[in-house]
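The structure appears below as structure tokens.
Residue numbers (our numbering): 47 to 174.
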């Protein structure tokens, strides 16, 4: 996963041809949080979807610790997360899991069809 902040405050979480380690992704997220400015995360990947390479137990543990240590900063700076479905049917269990994660981290979630709708929703999240 690569953190693409070239359109900040819209920050895209993208699958990348070159494999990024979970540590590299965490470093990118840490740098994003260190900016101290509000942003919205956008992704086409729904949590729990199969990846080309499975995450190791240690990677999952490190990711969980990262989110635990940065929960308040995420709550303060991340206005929400928008999942671009591109017409895929999203199982109710997956939607519930995303919204539960949102409650735990203090984030709003939205599911939209395409990037255009994602930009509109992200702007709405960023508006106080």
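Positions of the beta carbon are idealized from the N, C-alpha and C atoms, including for glycine.
Everything numeric in this text was worked out from a predicted model, so none of it was measured.
With a 10 Å radius around its C-beta and 16 neighbouring C-beta atoms as the bar for buried, classify residue i as buried or exposed.
i           : result
residue 136 : exposed
residue 69  : exposed
residue 167 : buried
residue 67  : exposed
residue 83  : exposed
residue 157 : buried
residue 111 : exposed
residue 75  : buried
Run through DSSP, which three-state label would residue i get?
i           : result
residue 156 : strand
residue 125 : strand
residue 131 : coil
residue 58  : strand
residue 173 : coil
residue 67  : coil
residue 83  : coil
Nearest by alpha-carbon distance to residue i: which of the options is it?
i           : options            : result
residue 60  : 77, 76, 67, 91     : 91
residue 89  : 111, 57, 148       : 57
residue 108 : 160, 71, 131, 140  : 71
residue 174 : 163, 122, 129, 117 : 122
Output needed for residue i: all residues of its chain with C-beta closer than 8 Å, excluding positions within five of it in sequence on either side, in chain order.
i           : result
residue 113 : 120, 151
Taking Cβ positions, are residue i and residue j nearer each other than 8 Å?
i           : j           : result
residue 51  : residue 78  : yes
residue 160 : residue 132 : yes
Which same chain residues, not among the five before or five after residue i, have their C-beta less than 6 Å away from its C-beta?
i           : result
residue 155 : 127, 144, 145, 148
residue 125 : 84, 86, 171, 172
Might you give, ordered along the chain, the residues of its own chain that have their beta carbon closer than 7 Å to the beta carbon of residue i, omitting 5 neighbours on each side?
i           : result
residue 165 : 56
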